Structure formats: C-alpha cells, structure tokens
Amino acid sequence: MPSEPPSEPMIVFDRVEKRFGDNVVLSDLSFAVAPGEHVTLIGPSGSGKTTILRLLMCLEPVTEGTIRVGGRYLTHMERRGRLVRADEKHSREVRKGIGMVFQQFNLFPNMTVRGNLTEAPTRVLGLSKHEADARAEELLEMIGLADRIDEHPSRLSGGQQQRVAIARALAMRPAVLLLDEVTSALDPELVAGVLNLLRRIGETTDITILCVTHEMGFARGFSDRVMMFDRGRVLEEAPPEKLFTHPENPRTQEFLEAVLERP
Amino acid sequence: MVAAAGGIALTIVLAAVAGLALLSRRRAVRAVSRVYVEVFRGTSEVVQLFWIFFVLPALVGYQIIPLGAGILVLGLNHGAYGAEIVRGAVQAVPRAQYEGSLALSLSPYDRMTRVILPQALVEMLPPFNNLFIQLLKSTALLSLVVVDEVVRQGQLLVPNLGVGETLTIYLVELVIFLLLGLGITAVMRLLERRAAARLGRTPVTRARVGEPA
Ligand SMILES: Nc1ncnc2c1ncn2[C@@H]1O[C@H](COP(=O)(O)OP(=O)(O)OP(=O)(O)O)[C@@H](O)[C@H]1O
Ligand SMILES: [Mg+2]
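Protein chains in written order, with numbering that gives the first Met the number 0: chain A, 0 to 262; chain B, 0 to 212.
Structure, rendered in structure tokens:
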C-alpha cells in the first residue's frame with residue numbers, strides 16, 4: 000500500500016460530533032484515510048463504529064464538524080464563499096463515489112441478481128443496458144455466480160447473497176467501500192467465501208476500504224491500519240501487527256482478549 | 000356493473016394519489032390528504048350520496064347524471080380507505096431497502112418507483128381485494144338515486160309479482176353479487192401470484208397458520 004503519505008486524503012473527519020438527542024455517540028472525532036488504504040474499525044458494541052459508516056453514507060446527519068470525501072465536502076457545500084449544510088442533491092453527487100455493504104445484504108427482492116447489479120449503473124451513472132450487463136456479468140464471473148444471474152436473490156444462500164451485494168456495490172466503481180460486519184449474519188461455513196472475496200478485492204483494486212469486523216484474523220491480514228474505538232473516541236490506532244500483539248491501551252488489551260476468546 | 004367498474008378505477012387512482020400524499024415530506028400535502036381520508040372514511044356513504052346527488056346540484060346549479068354521482072361517491076369513499084392501505088404497505092417495506100437504495104445513490108423518485116413500490120404492491124393486493132368487494136356491495140346503495148344496478152332492477156320487478164317469484168328475484172340478486180365478488184377475487188389472486196413471483200416468492204414458500212416452524 001502507499002508508502003509515502005499522499006497529499007490529499009480520501010476521507011477526512013474533522014472534529015465530527017454525532018448526537019442522538021442527549022446521547023453523544025461520537026465526539027470531536029478527527030481522522031483521515033489515505034487513498035487505497037484499508038482501515039479496520041474495532042471496538043465494543045455501541046462504540047459508534049456503525050454510526051461512522053452511516054455518516055459517510057449520509058444515512059444520518061452530523062451534529063457538528065465536517066466530513067470530506069475525495070477532496071469534496073460531503074456534509075456541507077460551498078455557497079457564496081460560505082459553508083452551508085449539503086442538500087440531498089449535493090450529498091448524492093459526492094456519495095456516488097462511496098459504496099456500502101450491509102450486515103443483512105439489503106438486496107432488492109423485486110429484482111433478479113442482474114437487476115440488482117444493473118439498476119444503479121444504468122439509472123445513476125447513465126450506462127447503457129448493454130454496458131451495465133457486461134459489467135454485471137464480469138463481476139458475477141469474479142464472485143463465481145455467473146450462472147445465477149437471472150435468479151432472484153431469495154434463491155441464493157446467505158453467503159452468495161452477500162457476495163452479490165458486494166458485487167452490486169462494486170458495479171458503481173466506487174472510490175470508497177464501506178463494510179459493516181458483512182459476515183456477522185452468515186453461517187460459519189459461509190464466512191470464508193466472503194472474506195476471500197474481500198481479500199481479492201483488496202489485492203486487485205485500489206479502492207479505499209473502511210471496514211467494521213469482529214473477524215480479527217481477517218483484519219490482521221487485510222488492514223493497513225486498525226483503529227480501536229471506545230465511546231465514540233479513537234483509543235488507539237496502529238498497524239495490525241502492532242495493535243494485535245502489543246496494544247498500548249489496557250482497554251484495547253481487554254477488548255482483544257474478550258474477542259479472541261470467543262468460540 | 001358499470002358503477003362498480005368505474006368506482007374501482009376511481010378508487011385505485013385516488014388511493015394511489017392520496018396514499019402517497021400521506022407519505023409526503025411536505026406537511027401541507029400530508030394535511031390535505033389526511034383531511035380527505037378522514038372526511039370520506041368518517042361519514043356515511045348514503046349521506047355522501049345525497050350530498051352529491053341532491054345538495055351539490057342545488058348549490059352549483061348543475062345536475063350530475065346519477066351514474067356519475069354514483070361512481071364519484073363510490074370512488075371517493077373507497078379511495079379514502081385505499082389510501083390507508085397504500086400508506087401502510089409502503090411503510091411496511093423494511094427500512095433496510097430504503098437504505099440499500101440510498102447507498103446506491105438512486106434518486107428519491109427511483110427509490111420509490113423501482114424499489115419500494117414494487118415491494119409494497121404485493122402487500123396491497125389482498126386488502127384491496129376486500130375493498131373492491133365492499134365497493135361492489137355498496138352499489139346497492141345507488142338504487143336510492145335510481146341508478147339501474149342489480150337491486151334497483153329487482154325492485155322494479157317486485158310490485159307485479161307473487162311471493163315466490165319475489166323470493167326468486169332476491170335470490171338471483173344474491174347470486175349475482177356473489178358471482179361478481181368471486182370474479183373480483185379471482186382477478187386479484189392472479190395479480191397477487193404474479194406480483195409474488197416477481198419477488199421470487201412462490202405460494203409454497205409463504206407461511207401458513209399452524210405450520211411447524
Ligand atoms: N438511530 C439511532 N437513534 C438513537 N440512537 C442511536 C441510533 N443509532 C445508533 N444509536 C446509538 O449510537 C450508539 C452507537 O451505535 P453504533 O451502532 O454506531 O455502535 P457499533 O459500534 O456499531 O456497535 P455494534 O458493534 O453493536 O454494531 C449506541 O449507543 C446506539 O444506541
Ligand atoms: Mg454496528
């Protein structure tokens with residue numbers, strides 16, 4: 000991955016705060032992710048990992064601070080030299096470069112696998128049906144499901160559905176990919192297939208990946224950097240070799256022991 | 000028959016428009032639709048019919064033809080119920096579907112027409128089946144304003160007949176309503192099966208009461 004720090008980071012959180020009513024979930028959070036970097040977020044339940052991804056997807060508004068993606072404001076836009084809150088159109092434009100894969104796949108049941116993969120490329124990116132089809136076939140080839148293209152998602156196993164969901168996100172050719180516990184809803188024997196696919200994407204593309212996972216073994220090989228969260232703050236961040244073997248913060252130690260003990 | 004068909008057509012249009020308006024982001028649009036739904040759901044069909052057929056002409060000086068008035072009342076009334084069916088079905092589509100379509104940057108219009116509504120449609124069909132059968136039975140009301148529907152045609156015959164024949168006529172009316180109702184159900188079932196198939200569901204995979212989990 001990039002050896003020298005590039006001039007413009009892909010993702011920048013600048014003093015972000017997120018509150019739900021009185022519940023402060025993220026406070027004064029600042030961090031940056033370089034293009035092509037793979038960052039894994041770990042931390043106890045409720046520490047705000049999902050919230051970070053949802054802010055990036057504009058599924059929630061920030062309460063303070065700004066987020067920039069690819070050098071452009073996501074949460075805000077410039078109007079007559081002043082920064083104002085982004086409207087739906089502006090966020091949608093910036094968000095086109097971001098893909099997200101959910102724990103529960105969220106495939107569209109009213110479309111076939113082909114429909115799921117071609118809908119957004121044709122409607123949002125303006126690809127012709129032919130181009131979108133070619134792109135879908137190529138991606139399905141990669142995930143080993145080319146023969147299931149005209150089936151409904153409900154006919155596929157959980158692991159297959161999740162691979163289709165990943166392909167659906169890739170069909171938009173995103174610069175940034177957000178993965179929220181994409182294997183937690185899967186039966187154990189299906190996890191490996193999905194993780195292998197992610198490794199392959201990590202190796203063969205230059206997509207910037209922000210990933211929340213409890214699969215520590217995977218995180219170790221996959222990430223350039225691991226960030227440990229607790230109560231909406233970064234407790235500690237380091238390359239995985241360091242963070243997993245010599246964590247500095249006692250809470251990180253506790254958390255890792257608890258996670259690694261799990262069956 | 001014509002009254003029922005016209006009423007169903009108007010019901011579908013009004014239910015779709017008012018139902019989506021109930022979900023609008025704009026408060027004013029929601030309020031207007033809410034008033035329509037509550038007024039037409041909350042007052043008697045007979046009273047609505049009298050207003051449209053007798054009072055309205057007195058106010059605006061223009062007499063609607065009886066059949067037109069009948070269709071209008073049936074449509075307005077059942078459209079109000081239908082609006083709630085549409086709203087309920089759209090809201091029953093899991094939020095995850097909305098988030099999934101947002102994550103792909105689909106426009107609000109595409110999110111609704113390509114993802115949410117096709118899924119909501121399947122859930123709407125059974126309650127709409129109910130509604131249409133109720134509408135069919137309500138056509139009996141139109142005999143009050145001399146529309147030639149089934150009951151009225153029966154009434155015209157009755158005075159000249161004996162008891163046995165009168166009974167026969169009432170029986171025939173019953174059977175006609177039943178057959179028309181079954182016809183509606185058959186059409187709706189067909190639509191339901193086709194819509195379910197589009198979602199990749201087959202009737203077999205759907206839950207039944209009393210089935211072991
Ligand atoms: N829509 C919401 N409304 C109110 N509170 C919310 C909402 N979404 C999240 N929260 C709160 O924000 C906090 C952080 O939640 P978040 O889902 O980001 O945690 P997480 O780190 O992803 O946890 P997990 O490992 O369990 O997925 C929690 O306390 C949660 O209750
Ligand atoms: Mg989470």
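The beta-carbon is built from N, C-alpha and C at its ideal position, and this holds for glycine as well. Bear in mind that the values here come from a model prediction, so they are computed numbers and not experimental data.
Chain-ordered neighbours of residue i on chain B, where CB pairs are closer than 8 angstroms
| i | result |
| --- | --- |
| Lys95(A) | Ser104 |
| Gly69(A) | Simply none; closest approach about 14 angstroms. |
| Ser156(A) | Within chain B, no residue comes near Ser156(A); the closest Cβ sits about 14 angstroms away, beyond 8 angstroms. |
Chain A contact residues for residue i, given Cβ-Cβ distances below 9 angstroms
| i | result |
| --- | --- |
| Ala95(B) | Phe101, Gln103, Phe104 and Asn105 |
Three-state secondary structure (DSSP) of residue i
| i | result |
| --- | --- |
| Asn248(A) | coil |
| Arg232(A) | strand |
| His151(A) | coil |
| His89(A) | helix |
| Ala15(B) | helix |
| Thr121(A) | helix |
| Asn22(A) | strand |
| Leu197(A) | helix |
| Gly81(B) | helix |
| Met0(A) | Bear in mind that the predicted position of Met0(A) carries a pLDDT of just 49, short of 50, making it unreliable; the figure below should be weighed with that in mind. Reduced to three states, the DSSP call for Met0(A) is coil. |
| Gly41(B) | helix |
Whether residue i touches residue j by CB criterion (8 angstroms)
| i | j | result |
| --- | --- | --- |
| Val32(A) | Leu209(A) | yes |
| Leu75(B) | Ala2(B) | no |
| Ser43(B) | Val123(A) | no |
| Glu214(A) | Thr244(A) | no |
| Gly295(A) | Glu7(A) | No answer is possible for residue 295(A): it lies beyond the span of chain A, which begins at 0 and ends at 262. |
| Val263(A) | Glu87(A) | This structure cannot speak to residue 263(A), because chain A is shown only from 0 to 262. |
| Ala8(B) | Val36(B) | no |
| Leu144(A) | Arg162(A) | yes |
| Val233(A) | Phe30(A) | yes |
| Leu116(B) | Ala194(B) | no |
| Leu55(B) | Leu143(B) | no |
| Leu198(B) | Pro108(A) | yes |
| Val85(B) | Ala14(B) | yes |
CB-CB length for residue i against residue j, believed under 8 angstroms
| i | j | result |
| --- | --- | --- |
| Ile148(A) | Arg113(A) | 5 angstroms |
| Leu52(A) | Val211(A) | 7 angstroms |
| Met99(A) | Ala168(A) | 6 angstroms |
| Leu242(A) | Glu253(A) | With 8 angstroms as the limit, Leu242(A) and Glu253(A) do not qualify as a contact, their Cβ atoms being about 14 angstroms apart. |
| Asp186(A) | Phe101(A) | Not confirmed; about 17 angstroms, so no contact. |
Cutoff 6 angstroms; reference residue i; Cβ partners in own chain excluding five residues on either side
| i | result |
| --- | --- |
| Thr214(B) | Outside the displayed range of chain B (0 to 212) lies residue 214(B), so it cannot be described from this structure. |
| Ala212(B) | At Ala212(B) the pLDDT is 49, less than 50, meaning the model places this residue with poor confidence; the figure from the coordinates comes in the next sentence. Nothing listed; no residue qualifies. |
Residue i beta carbon near ligand 3 (any heavy atom closer than 7 angstroms)
| i | result |
| --- | --- |
| Thr184(B) | No copy of ligand 3 appears in this structure; the ligands present are ligand 1 and ligand 2. |
7 angstroms Cβ shell around residue i - same chain, five flanking residues per side excluded
| i | result |
| --- | --- |
| Arg230(A) | Ser46 |
| Pro43(A) | Asp229 and Phe254 |
| Leu178(B) | none |
| Asn195(A) | none |
Proximal chain A residues relative to residue i, where beta-carbon distance stays under 7 angstroms
| i | result |
| --- | --- |
| Arg113(B) | Glu118 |
Cβ neighbours of residue i in the same chain (closer than 8 angstroms, five flanking residues each side left out)
| i | result |
| --- | --- |
| Ile175(B) | Val149 |
| Ser90(A) | Cys57, Leu73 and Thr74 |
| Leu138(A) | Leu116, Ala166, Leu169 and Ala170 |
| Val203(B) | The predicted model places Val203(B) with a pLDDT of 48, which falls under 50 and marks its position as unreliable, so this point remains unresolved. |
| Lys128(A) | Thr117 and Thr121 |
| Leu135(B) | Ala3, Phe176, Leu179, Gly180 and Ile183 |
| Gly99(B) | Val114 |
Closer than 8 angstroms at the beta carbon, the chain A residues around residue i
| i | result |
| --- | --- |
| Pro117(B) | Asn109 |
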